């Protein structure tokens with residue numbers, strides 16, 4: 042029966058060959074599909090970004106940047122001022138909790154609760170943070186909408202970002218840093234301050250820039266805290282006047298809120314163009330911030346590799 | 005010796021300060037939870053509505069006063085949130101995983117140098133910008149293409165959300181795929197698998213939990229998104245009949261009505277209850293992620 046055996050062998054070979062062929066064909070098809078999907082999204086995202094930026098500056102007129110109610114100069118100033126205030130609050134606190142989680146926390150229930158707290162904060166809907174801010178910083182203190190309340194609300198959102206990057210940066214340092222320092226007789230705090238923190242400054246900077254980028258575009262948390270109006274008198278000399286630019290206890294609408302406002306309460310006839318411009322400026326800010334964050338983190342990578350040589 | 009004791013005292017005082025910084029995070033989270041709970045529970049205690057009514061009734065007519073007596077059925081809002089988020093996930097997921105696979109398995113060099121930075125930049129784009137683009141581009145297009153009255157629709161909201169959560173899911177999934185050990189792939193290739201077989205049978209199952217984490221993070225972001233959705237969903241308080249009809253959701257109700265509602269009134273408190281619900285949803289997402297990573301054998 043060698044003939045029949047041969048036949049079976051041939052059939053099996055044929056079947057195997059067909060399977061292999063099918064697998065290879067499927068592989069080629071799927072590779073193609075992945076290329077198409079990736080390319081499609083790349084193109085979509087790039088078109089998206091250029092569209093916003095180009096459209097924003099299409100009807101650009103210098104009066105749209107004016108520092109009065111016709112332009113968005115005041116909003117831009119408010120945004121920058123608010124982000125600085127928010128960072129002044131959230132950076133020290135974020136650093137402290139990041140250091141705690143990386144260096145002091147002992148594995149156990151308390152540490153787990155802190156970790157869950159940080160994660161909860163980082164995934165909180167910003168509108169919920171806005172409501173909390175409205176209740177605690179506005180209603181309970183009996184004050185008007187003000188920039189400082191807005192900065193506090195935004196700090197709640199940026200705290201977890203700064204805390205997590207600090208923790209990750211400290212944890213990624215080689216053990217030798219710490220051992221070397223302890224070996225010299227340094228205390229824990231001296232080690233952290235003189236050795237560990239300086240070594241992580243670039244990574245922490247990256248985290249701060251990311252947090253600032255998020256704060257720039259925040260709107261929902263500010264609706265009920267920083268307020269939807271702005272009135273700045275640039276000639277004011279009284280810091281406590283409610284129109285002095287640097288008084289944090291005055292209402293301060295930001296760029297992101299301006300976009301929202303032009304949707305709901307469009308009064309000015311060029312509100313669409315203004316909103317386009319706001320969107321474009323926000324996009325450019327986001328790009329600047331992400332690119333500088335990337336640059337800094339690449340810079341440290343180079344430095345680290347250099348150190349290992 | 006005196007110098008030594010000063011240094012040690014300094015060490016101890018900083019230990020206390022830093023620990024306080026750590027515990028501040030718990031205090032802040034609990035304060036948030038407490039105030040949300042304290043306010044949000046008012047619908048059920050002060051104004052005497054049942055949880056069942058809030059979750060499943062669709063009659064939304066809270067009284068804007070301290071007297072109460074209105075109806076607080078939030079089913080339309082809840083349904084609006086769930087339907088837009090799930091549809092967004094459905095749209096976003098295949099693309100996210102496709103791009104994640106492309107940038108890790110098919111073209112790692114190009115993926116790391118070009119796609120990864122672009123995806124990361126898009127994580128940071130403010131949501132109002134997405135909403136604004138949805139309002140000025142997507143809504144008119146939907147209006148023309150499908151010949152609907154306004155163009156504000158579940159579809160518009162879902163598309164905006166889908167673009168928003170795409171970078172989140174993609175970058176988390178890509179991380180998960182990258183962390184699959186190399187020898188898994190080598191073993192499969194050694195047995196003669198094609199690349200697609202390796203991806204489909206080995207890499208994706210091994211990265212399953214990480215991808216799931218990305219999906220949950222994306223969902224959490226979609227659920228909490230307020231202004232972008234509020235701009236395109238239409239804010240009509242009816243159940244959507246199709247994906248082309250307008251409806252409303254939890255976050256846009258809070259964003260739109262909170263400013264006008266009388267503080268402490270039934271309307272105001274009902275909106276707080278919605279915020280409490282959102283808080284529980286995001287807490288639920290966190291616990292789900294912990295559960296997944298623990299079942300993965302990774303300890304936190």
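Residue numbers (the numbering used here), protein chains in the order written: chain F, 42 to 350; chain G, 5 to 304.
Cβ coordinates follow ideal geometry from the N, Cα and C atoms, glycine included.
It should be emphasised that the depicted structure is a prediction, and the values quoted were computed from it without experimental measurement.
Item: Within the same chain, show all residues whose beta-carbon is closer than 6 Å to that of residue 164 (chain G), passing over the 5 residues directly before and after it, in chain order.; Value: 134, 138, 232, 236
Item: Tell me which same chain residues have a C-beta within less than 6 Å of the C-beta of residue 247 (chain G), skipping the five on either side of it?; Value: 158, 159
Item: Would you report the Cα separation of residue 350 (chain F) and residue 287 (chain F), rounded to the nearest angstrom?; Value: Residue confidence for residue 350 (chain F) is low, a pLDDT of 40 falling below 50, so the modelled location carries little weight and cannot support an answer.
Item: Let me check understanding here. Comparing Cα to Cα, which of F:240, F:44, F:146, F:63 lies closest to residue 26 (chain G)?; Value: F:146
Item: Within 10 angstroms of its Cβ, does residue 60 (chain F) collect 16 or more other Cβ (buried), or is it exposed?; Value: exposed
Item: Quick check: residue 263 (chain G) and residue 250 (chain G), are their CB atoms within less than 9 Å of each other?; Value: no
Item: With DSSP run on the structure shown, which of helix, strand or coil describes residue 65 (chain G)?; Value: strand
Item: In terms of alpha-carbon separation, which member of F:62, F:89, F:58 lies closest to residue 325 (chain F)?; Value: F:89
Item: According to DSSP, residue 76 (chain G) sits in a beta bridge with which residue or residues?; Value: G:64
Item: Run down chain G in chain order and give the residues with a C-beta less than 8 Å from the C-beta of residue 68 (chain F).; Value: 198, 199, 200, 201
Item: Can you tell me whether residue 299 (chain F) is buried or exposed? The criterion is at least 16 other CB atoms within 10 Å of its CB, across all chains shown.; Value: buried
Item: Quick one: grab the DSSP three-state call for residue 264 (chain G).; Value: coil
Item: Could you check whether the Cβ of residue 328 (chain F) sits closer than 9 Å to any Cβ belonging to chain G?; Value: yes
Item: Taking residue 319 (chain F) as the reference, give the member of F:83, F:274, F:71, F:118 with the closest Cα.; Value: F:118
Item: CA-CA distance, residue 92 (chain G) and residue 166 (chain G)?; Value: 4 Å
Item: If we require 4 or more residues per run, which alpha helix (DSSP H) segments fall completely within the region 150-196 of chain G?; Value: 158-182, 186-194
Item: Taking C-alpha atoms, which residue in G:145, G:277, G:170 lies nearest to residue 222 (chain G)?; Value: G:170
Item: Can the beta-carbon of residue 302 (chain F) be found less than 9 Å from the beta-carbon of residue 195 (chain F)?; Value: no
Item: If you draw a straight line from the C-alpha of residue 63 (chain F) to the C-alpha of residue 119 (chain G), how long is it?; Value: 31 Å
Item: Looking at C-alpha atoms only, which residue of F:123, F:294, F:65, F:199 is the closest neighbour of residue 29 (chain G)?; Value: F:199
Item: Give the residues of chain F in contact with residue 190 (chain G), contact being defined as C-beta atoms less than 7 Å apart.; Value: Under the 7 Å cutoff, chain F gives no residues; its nearest Cβ is about 17 Å from residue 190 (chain G).
Item: Count the CB pairs spanning the region 246-262 of chain F and the region 144-159 of chain F that are closer than 8 Å, and state whether there are at least three.; Value: no
Item: Kindly list, in the order they appear in chain G, the residues whose Cβ is closer than 8 Å to that of residue 203 (chain F).; Value: Going along chain G, no residue has its Cβ under 8 Å from residue 203 (chain F), so there is no contact; the nearest lies around 11 Å.
Item: Between the region 224-258 of chain G and chain F, which residues of the former have CB atoms less than 8 Å from a CB of the latter, in chain order?; Value: 224, 225, 227, 228, 229, 230, 231, 235, 255, 258
Item: Tell me whether residue 115 (chain G) sits in a helix, a strand or coil according to DSSP, three-state version.; Value: helix
Item: What three-state label does DSSP hand residue 251 (chain G) in the structure shown?; Value: strand
Item: Starting from residue 285 (chain F), trace the alpha helix (DSSP H) both ways and give me its first and last residue.; Value: Where residue 285 (chain F) is concerned, there is no enclosing alpha helix (DSSP H), given that its DSSP letter is neither H nor E.
Item: Any contact of the region 34-51 of chain G with the region 258-276 of chain G, i.e. 3+ C-beta pairs under 8 Å?; Value: yes
Item: Since residue 317 (chain F) and residue 96 (chain F) should fall inside the 8 Å C-beta cutoff, what is the C-beta to C-beta distance between them, to a whole number of angstroms?; Value: 5 Å
Item: Residue 184 (chain G) and residue 207 (chain G) look like a contact to me (Cβ under 8 Å); what is the Cβ gap, rounded to whole Å?; Value: 5 Å
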